[in-house]
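Have a look at the structure below before the remarks.
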Amino acid sequence: MRRLSSLPTPRTWVTGLSPLALLGFLVCVGAALYSAAQAVIALRDNSPLAALTAGGLAVFFCGLVAALAITLLVSAGSHADWAGSGTTVRINPSIAWAYGIGLLGGLVGSTCYLIFVTRGVVELPFAADGDGTVTRYLMVALLAISFVSLAALLRSREAGHLRFSVDGIEYADMFRRRSAHWDDVVKITDEANRRTRNPIVVGMRDGKQIVVPNADRYASSGAALYWMARHYWRHPEDREELADGRALDRLRKEQFEPDVGGDT
Numbered sequence: 336m337r338r339l340s341s342l343p344t345p346r347t348w349v350t351g352l353s354p355l356a357l358l359g360f361l362v363c364v365g366a367a368l369y370s371a372a373q374a375v376i377a378l379r380d381n382s383p384l385a386a387l388t389a390g391g392l393a394v395f396f397c398g399l400v401a402a403l404a405i406t407l408l409v410s411a412g413s414h415a416d417w418a419g420s421g422t423t424v425r426i427n428p429s430i431a432w433a434y435g436i437g438l439l440g441g442l443v444g445s446t447c448y449l450i451f452v453t454r455g456v457v458e459l460p461f462a463a464d465g466d467g468t469v470t471r472y473l474m475v476a477l478l479a480i481s482f483v484s485l486a487a488l489l490r491s492r493e494a495g496h497l498r499f500s501v502d503g504i505e506y507a508d509m510f511r512r513r514s515a516h517w518d519d520v521v522k523i524t525d526e527a528n529r530r531t532r533n534p535i536v537v538g539m540r541d542g543k544q545i546v547v548p549n550a551d552r553y554a555s556s557g558a559a560l561y562w563m564a565r566h567y568w569r570h571p572e573d574r575e576e577l578a579d580g581r582a583l584d585r586l587r588k589e590q591f592e593p594d595v596g597g598d599t
């Protein structure tokens, strides 16, 4: 369970699930249960391809549910380290495993469904009334998303990390890596141009932004991580701490002074 922070929460950050996220979570739970039931029915009817389709989709939805549960309930504070290159905080590796297993299930389930279609099978799992065109398009989309995302996850080998070094900030997710030199950073705030949950936003001289969404997933106290980013931006004399372990120790002890009300 996430522990409460002694530091103030950034102004735009929220705790808990939004109504839309809660709805999505409940839909995923319901879809996982329905898919599992369809897999059991397919096995009873001696239809292995239908069972693979339904079972793959059940794994996909279970992976999404597991990733969200880990995000909300498991502390990420121990998934951080330091080296000469800087201090790095990572999303809980269990989330990457949940995503990976879920995406693999989505890949298997959607592929089997499309095999059903090419074989001209009429009774398809999850087929809606009518000619099933909408369901086929959804399965094609799921296949594409699962394949691209799984390939990206296998390449990156993690769901994401945020690194602070003597030279600057680096943020990476499954798909890409962005970085900024401290001299190019003009502000670090919690306000993104687009609607983003609990962000750390690095504004640069050229007007571009590095937006770290859901920054509270990177440490047991997301607020401490936010104030850490602002501290080392505002205090270049302390940046050597990022390469010798002191910054990580300060993060775990939440030893940063919140500078509420200023960007400079």
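In our numbering, the protein residues as written are 336 to 599. Note that beta-carbon positions come from the ideal geometry of N, C-alpha and C, so glycine has one too. No experiment lies behind these values; they were computed from the predicted model shown.
Buried or exposed by the 16-neighbour rule on C-beta atoms within 10 Å, applied to residue i
i, result
"L339", "With a pLDDT of only 49 at L339, under the threshold of 50, the placement of this residue in the model should not be trusted; the figure read from the coordinates follows. Exposed, by the Cβ-count rule."
"Y472", "exposed"
"V536", "buried"
"L361", "exposed"
"G390", "buried"
"S353", "exposed"
"A476", "exposed"
"G441", "buried"
"L497", "buried"
"P345", "buried"
"E589", "buried"
"L368", "exposed"
"F499", "buried"
Beta-carbon separation (whole angstroms), residue i vs residue j, contact threshold 8 Å
i, j, result
"V349", "A554", "The Cβ separation is near 17 Å, so there is no contact."
"E575", "R585", "About 13 Å; that fails the 8 Å criterion."
"T388", "F482", "About 16 Å separates the two Cβ atoms, so there is no contact after all."
"A366", "F396", "4 Å"
"L342", "S370", "About 42 Å; that fails the 8 Å criterion."
"L478", "S445", "4 Å"
"A578", "G421", "6 Å"
"V364", "V394", "Rounded, the Cβ-Cβ distance is 14 Å, inconsistent with contact."
Closer than 7 Å: residue i CB and nearest the ligand GDP heavy atom
i, result
"L357", "Summarising the ligand content, the structure contains no ligands, and the ligand GDP is consequently not present."
Own chain residues within Cβ distance below 6 Å of residue i, not counting five before or after
i, result
"F591", "W562, M563, H566"
"G538", "V521, K522, Q544"
"R540", "D519, V521"
"G419", "A578"
"N549", "R532, N533"
"G557", "A550, D551"
"L438", "S481, S484, L485"
Run of the beta strand (DSSP E) containing residue i, from where it starts to where it stops
i, result
"T422", "421 to 425"
"G503", "503 to 508"
"G495", "495 to 499"
"W348", "It is not in any beta strand (DSSP E) - W348 carries neither H nor E in the DSSP assignment."
"A418", "415 to 418"
Extent of the continuous alpha helix (DSSP H) to which residue i belongs
i, result
"K588", "581 to 588"
"H570", "First-last for H570: undefined, no H or E at that position."
"F360", "354 to 379"
"R512", "Not the alpha helix (DSSP H): R512 falls in the beta strand (DSSP E), residues 512 to 516."
"T616", "The shown model of the chain, from 336 to 599, leaves out residue 616, and the question about it has no answer."
"A476", "468 to 491"
"G538", "Segment 535 to 539 is the beta strand (DSSP E) holding G538; no alpha helix (DSSP H) there."
"V452", "428 to 453"
Cβ shell of residue i (< 7 Å), same chain only, five flanking positions each side left out
i, result
"A356", "none"
"Y434", "G398, A402, L488, A494"
"S600", "Residue 600 falls outside the range modelled here, since the chain spans only 336 to 599, and no answer is possible."
"M474", "S445, Y448, L449"
"H516", "D502, G503"
"R512", "E505"
"A377", "A385, A386, A389, P460"
"G580", "W417"
Same chain, Cβ closer than 8 Å to residue i, five either side skipped, listed in chain order
i, result
"L583", "A415, D416, W417, T422"
"V547", "L497, Y506, P534, I535, V536, V537, Y553"
*Check whether the region 513 to 524 touches the region 489 to 497, taking contact to mean three or more Cβ pairs, one atom from each stretch, closer than 8 Å.*
no
Is the region 467 to 486 in contact with the region 397 to 408, if contact means three or more CB pairs nearer than 8 Å?
no
task: Determine, using beta-carbon pairs with one atom in the region 380 to 394 and one in the region 415 to 430, whether at least three such pairs fall under 8 Å.
output: no
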